[in-house]
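**Q** Protein chains in written order, with this note's numbering: chain A, 7 to 314; chain B, 7 to 314.
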């Protein structure tokens with residue numbers, strides 16, 4: 007692999023090469039798309055168990071959505087306006103046999119056959135909590151809802167940074183309820199997650215952050231999001247200490263999703279929401295970077311927390 | 007929901023309604039796309055543990071691929087020729103700000119904005135073993151390979167049959183090696199899986215089967231596949247006993263993938279392959295149908311096997 011002149015890119019490539027050599031990641035020929043080894047998966051499962059343990063007292067509803075969601079629901083969020091470059095739209099072949107022959111002919115001539123496809127009724131899930139909001143339309147029970155989610159999410163941002171995958175898992179806890187409930191949830195998890203990362207030996211620190219909104223209008227939205235203190239991330243050095251990686255992210259959405267999907271609190275107000283998301287692959291990558299590629303040799307206190 | 011005149015479709019709708027009422031499945035507004043409850047997931051995890059137990063003596067390599075794969079690798083299989091109607095092609099927005107404004111304008115006018123997107127470098131995974139073959143190009147170690155896989159796969163076939171999901175998980179064991187090794191693997195797992203399904207109280211039986219190849223040419227391929235005894239399924243009554251559902255499927259691919267991805271055995275022949283796939287959602291649906299929606303009340307011998 008050619009090594010970049012840019013030291014950060016070179017650090018990404020170097021860590022990626024190490025992960026592939028150690029057979030923790032299996033390359034696919036597409037940047038940001040990798041298979042995971044059994045060892046890699048085991049670390050994710052054990053970290054997830056730790057998350058479950060820390061969330062158990064909240065008595066969350068557990069929901070697991072597949073990696074696709076209803077296109078109509080996707081369009082009720084503003085993702086197409088704000089992150090169009092990251093979206094994944096699922097298309098399929100819906101023609102008859104003669105259309106199929108024409109498509110195969112294009113494929114054989116190395117022409118663009120993808121325009122022979124039509125959009126299906128689904129999109130790839132951009133964040134683990136997106137499918138929850140349309141499933142919450144109506145009036146919340148008294149006290150609101152706390153939901154435990156995990157799914158593979160898609161972001162079209164090919165990169166040699168092993169921590170910037172196109173398809174990865176988010177484990178989330180979402181609070182739907184009053185503004186106070188949403189903020190309390192955000193604050194609880196931000197502090198708890200920081201403690202959890204420290205307990206597994208990661209030098210995590212919270213930073214105010216913003217989403218990578220698209221275009222010039224996006225820069226205004228990013229500034230507003232920071233001013234309003236809506237997004238915090240926990241960042242950890244992964245490939246390089248110069249540019250630490252967000253491994254956990256919290257968002258207070260105000261009443262954004264409550265409005266979009268007509269979700270009301272039991273006293274009739276528009277629901278507010280907040281979420282915490284654990285980037286499971288990123289946490290595994292940070293742990294392998296910090297403690298080495300052999301979990302058997304990790305520090306005793308980390309092994310104890312992860313029940314290794 | 008309107009009830010179909012066709013008794014099988016009516017049985018599908020009726021079981022789906024029961025699953026939604028019991029909150030085991032969470033509807034999304036798209037046929038075949040559902041969230042799963044914690045109880046549903048727990049059954050899948052426990053059945054998977056049972057699979058892992060039965061596969062342990064094979065000492066498989068564990069690999070977990072995400073739900074997307076390299077488009078170029080997809081095109082090295084013949085999926086686009088044989089199952090174009092089931093494919094999932096991932097498209098995204100790759101334009102500039104003015105193109106974005108034009109796309110949003112189309113969206114607001116309820117015109118087809120999806121043609122403003124371009125094909126990305128990835129496709130949705132059609133079967134859990136597809137990403138393995140391109141990762142196996144070259145010469146196999148002596149004795150070949152046995153690989154344990156699981157991923158979410160996509161099939162564009164919207165249906166009210168709760169067992170025909172568009173996005174579901176396959177747990178697979180794949181054998182790459184000589185024809186004898188591939189057939190032995192297929193035979194071991196077909197027999198083992200039948201015993202496993204019986205042990206959890208499911209009335210499974212093996213049947214010769216064929217894949218749903220597209221078009222008129224596909225009918226010939228299906229007949230050939232049956233004549234050559236290449237595909238067996240284990241079928242179980244789920245929504246209706248009149249039309250039992252395949253919950254496990256085995257395929258002997260001959261040297262199809264060996265040729266497509268240049269996989270050789272250690273003695274230099276083109277590798278053969280065989281796989282067994284457990285349809286995890288279908289197995290859970292069959293168990294809920296047979297034993298009821300409350301796992302705590304399932305028969306003692308089933309609870310023992312699943313460590314419930």
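Every residue gets a Cβ at the ideal spot worked out from N, C-alpha and C, and that includes glycine.
By Cβ distance, which residues of its chain are closer than 7 Å to residue 128 (chain A), with the 5 residues on each side in sequence left out?
**A** In the first chain, counting from the first residue as 1, residue 128 (chain A) sits at position 122. Excluding positions up to five away in sequence, the list reads 74, 75, 76, 77, 96.
**Q** Taking only three categories from DSSP, how would you classify residue 268 (chain A)?
**A** Mapped onto the first chain, residue 268 (chain A) falls at position 262. Correct three-state label for residue 268 (chain A): coil.
**Q** State the DSSP-derived secondary structure class of residue 202 (chain B), mapped to helix, strand or coil.
**A** Position 196 of the second chain, counting from 1, holds the residue named residue 202 (chain B). DSSP places residue 202 (chain B) in helix when its eight states are reduced to three.
**Q** Check residue 124 (chain A) in the structure and name its three-state DSSP category.
**A** Here residue 124 (chain A) refers to the residue found at position 118 of the first chain. Looking at residue 124 (chain A) - three-state DSSP - the assignment turns out to be strand.
**Q** Once the 5 residues before and after residue 50 (chain A) are set aside, which same chain residues still bring their CB inside 6 Å of it?
**A** Sequence index remark: in the first chain, residue 50 (chain A) carries index 44 (1-based). So the qualifying residues of the chain are 286, 290.
**Q** Residue 47 (chain A) to residue 70 (chain A), Cα distance in whole Å?
**A** On the first chain, position 41 is the one that residue 47 (chain A) refers to. On the first chain, position 64 is the one that residue 70 (chain A) refers to. Going by the C-alpha atoms only, they are around 18 Å apart.
**Q** Can residue 28 (chain B) and residue 299 (chain B) be called in contact, C-beta distance under 8 Å?
**A** If you number the second chain from 1, residue 28 (chain B) lands on position 22. If you number the second chain from 1, residue 299 (chain B) lands on position 293. It is a contact, given that the beta carbons lie within the stated cut-off.
**Q** Please check if any C-beta of chain B sits within less than 8 Å of the C-beta of residue 311 (chain A).
**A** For this step, residue 311 (chain A) is matched to residue 305 along the first chain. It does not: the Cβ of residue 311 (chain A) has no partner Cβ on chain B nearer than 8 Å.
**Q** Residue 118 (chain A) to residue 141 (chain B), Cα distance in whole Å?
**A** Position 112 of the first chain, counted from the first residue, corresponds to residue 118 (chain A). Position 135 of the second chain, counted from the first residue, corresponds to residue 141 (chain B). Cα to Cα, residue 118 (chain A) sits roughly 26 Å from residue 141 (chain B).
**Q** Are the beta-carbon atoms of residue 208 (chain A) and residue 242 (chain A) separated by less than 8 Å?
**A** Working through the first chain from its first residue, we reach residue 208 (chain A) at position 202. Working through the first chain from its first residue, we reach residue 242 (chain A) at position 236. Yes, Cβ-Cβ distance for residue 208 (chain A) and residue 242 (chain A) is below 8 Å.
**Q** Just to check my reading of the structure: residue 99 (chain B) and residue 227 (chain A) have Cβ atoms closer than 8 Å, yes? What is that Cβ distance to the nearest angstrom?
**A** Residue numbering aside, residue 99 (chain B) sits at position 93 when the second chain is read from its first letter. Residue numbering aside, residue 227 (chain A) sits at position 221 when the first chain is read from its first letter. That belief does not hold up - the Cβ atoms of residue 99 (chain B) and residue 227 (chain A) are roughly 17 Å apart, past 8 Å.
**Q** Only counting the same chain, and skipping five residues up and downstream in sequence, which positions put a Cβ closer than 8 Å to that of residue 275 (chain A)?
**A** Taking the first chain and counting its residues from 1, the one referred to as residue 275 (chain A) is at position 269. So the list reads 184, once near-sequence residues are dropped.
**Q** Taking only beta-carbon atoms, is residue 190 (chain B) less than 8 Å away from chain A?
**A** Position 184 of the second chain, counting from 1, holds the residue named residue 190 (chain B). It does not: the Cβ of residue 190 (chain B) has no partner Cβ on chain A nearer than 8 Å.
**Q** Using the C-alpha atoms, what's the distance from residue 307 (chain A) back to residue 154 (chain B)?
**A** The residue labelled residue 154 (chain B) in the question sits at position 148 within the second chain. The residue labelled residue 307 (chain A) in the question sits at position 301 within the first chain. Between residue 154 (chain B) and residue 307 (chain A), the C-alpha separation is close to 31 Å.
**Q** Report the partner residues of residue 152 (chain A) according to the DSSP bridge assignment.
**A** Residue numbering aside, residue 152 (chain A) sits at position 146 when the first chain is read from its first letter. Per DSSP, A:181.
**Q** Could you check where the beta strand (DSSP E) with residue 247 (chain A) kicks off and where it finishes?
**A** One-based indexing of the first chain puts residue 247 (chain A) at position 241. Run containing residue 247 (chain A): none; DSSP gives neither H nor E here.
**Q** Alpha helix (DSSP H) containing residue 281 (chain A): first to last residue?
**A** Translated into the one-based positions of the first chain, residue 281 (chain A) becomes position 275. Segment 278–285 is the beta strand (DSSP E) holding residue 281 (chain A); no alpha helix (DSSP H) there.
**Q** DSSP three-state label for residue 211 (chain B), please.
**A** Taking the first residue of the second chain as 1, we reach residue 211 (chain B) at position 205. Three-state DSSP puts residue 211 (chain B) in a strand.
**Q** Ignore the nearest five residues each way along the sequence and tell me which others in residue 295 (chain A)'s own chain have a CB closer than 8 Å to its CB.
**A** Here the question's residue 295 (chain A) lines up with position 289 in the first chain. The answer, listed in chain order, is 21, 243, 244, 245.
**Q** Nearest chain A C-beta to residue 70 (chain B) closer than 8 Å, yes or no?
**A** By 1-based counting over the second chain, the position of residue 70 (chain B) is 64. It does: the Cβ of residue 70 (chain B) has a partner Cβ on chain A nearer than 8 Å.
**Q** Report the residue from A:103, A:107, A:112, A:85 whose alpha carbon sits nearest the alpha carbon of residue 106 (chain B).
**A** For the purposes of this step, residue 106 (chain B) is taken as the residue at position 100 of the second chain. If we check each option's Cα against that of residue 106 (chain B), A:85 comes out closest.
**Q** Could you pull the start and end residues of the beta strand (DSSP E) that residue 90 (chain A) belongs to?
**A** Taking the first residue of the first chain as 1, we reach residue 90 (chain A) at position 84. First-last for residue 90 (chain A): undefined, no H or E at that position.
**Q** List the residues of chain A that residue 113 (chain B) touches, going by C-beta distances under 8 Å, in chain order.
**A** Within the second chain, the letter at position 107 stands for residue 113 (chain B). Those are 81, 86, listed as they occur along chain A.
**Q** Under 8 Å, do residue 146 (chain B) and residue 269 (chain B) count as touching if we go by C-beta distance?
**A** Looking up residue 146 (chain B) in the second chain gives position 140. Looking up residue 269 (chain B) in the second chain gives position 263. Contact flag set, yes.
**Q** Strictly under 8 Å for the Cβ-Cβ distance: is residue 116 (chain B) near chain A by that measure?
**A** Here residue 116 (chain B) corresponds to residue number 110 of the second chain, with the count starting at 1. No - not a single Cβ of chain A is within 8 Å of the one on residue 116 (chain B).
**Q** Rounded to whole angstroms, what's the CA-CA distance from residue 186 (chain B) to residue 137 (chain B)? Just pull it up for me.
**A** On the second chain, residue 186 (chain B) is found 180 positions in, with the first residue counted as 1. On the second chain, residue 137 (chain B) is found 131 positions in, with the first residue counted as 1. Going from the Cα of residue 186 (chain B) to the Cα of residue 137 (chain B) covers about 23 Å.
**Q** Quick one: residues in its chain with C-beta nearer than 8 Å to the C-beta of residue 271 (chain A), no 5 flanking neighbours on either side, listed in chain order?
**A** Taking the first residue of the first chain as 1, we reach residue 271 (chain A) at position 265. If we look at residue 271 (chain A) and ignore the five residues flanking it on each side, its Cβ neighbours are 145, 146, 150, 183, 184, 277.
**Q** Do residue 177 (chain B) and residue 67 (chain B) count as a contact pair if the criterion is CB distance below 8 Å?
**A** Reading the second chain from its first residue, position 61 is the one you call residue 67 (chain B). Reading the second chain from its first residue, position 171 is the one you call residue 177 (chain B). Contact flag unset, no.
**Q** State the Cα-Cα distance for the pair residue 63 (chain A) and residue 174 (chain A), rounded to the nearest angstrom.
**A** Mapped onto the first chain, residue 63 (chain A) falls at position 57. Mapped onto the first chain, residue 174 (chain A) falls at position 168. For residue 63 (chain A) and residue 174 (chain A), the distance between alpha carbons rounds to 27 Å.
**Q** Please determine, among B:16, B:103, B:192, B:82, the residue with the shortest C-alpha to C-alpha distance to residue 89 (chain A).
**A** Position 83 of the first chain, counted from the first residue, corresponds to residue 89 (chain A). Ranking B:16, B:103, B:192, B:82 by Cα distance to residue 89 (chain A) puts B:103 first.
**Q** Note down, one range per segment and in chain order, each beta strand (DSSP E) of at least 3 residues found wholly within the stretch 19–81 of chain B.
**A** Counting whole runs of 3 or more residues, the stretch 19–81 of chain B contains the beta strand (DSSP E) stretches 31–33, 40–43, 67–70, 74–76.
**Q** Starting from residue 112 (chain B), follow the alpha helix (DSSP H) in both directions and report where the run begins and ends.
**A** Locating residue 112 (chain B) in the second chain gives position 106, where the first residue counts as 1. Here the alpha helix (DSSP H) through residue 112 (chain B) covers 103–114.
**Q** Would you decide whether residue 14 (chain B) is buried or exposed? Buried here means 16 or more other CB atoms lie within 10 Å of its CB.
**A** On the second chain, position 8 is the one that residue 14 (chain B) refers to. So residue 14 (chain B) ends up on the exposed side.
**Q** If the cut is a Cβ gap below 9 Å, which residues of chain A does residue 91 (chain B) touch?
**A** Position 85 of the second chain holds residue 91 (chain B). Within chain A, the residues near residue 91 (chain B) are 98, 99, 100, 101, 106.
**Q** Between the C-alpha atoms of residue 91 (chain A) and residue 223 (chain A), what's the straight-line distance to the nearest angstrom?
**A** By one-based count along the first chain, residue 91 (chain A) stands at place 85. By one-based count along the first chain, residue 223 (chain A) stands at place 217. Answer to the nearest angstrom: the Cα atoms are 14 Å apart.
**Q** Check whether chain B comes within 8 Å of residue 60 (chain A), counting only Cβ atoms and requiring the distance to be less than that.
**A** Locating residue 60 (chain A) in the first chain gives position 54, counting from the first residue. Output row for residue 60 (chain A): interface = no.
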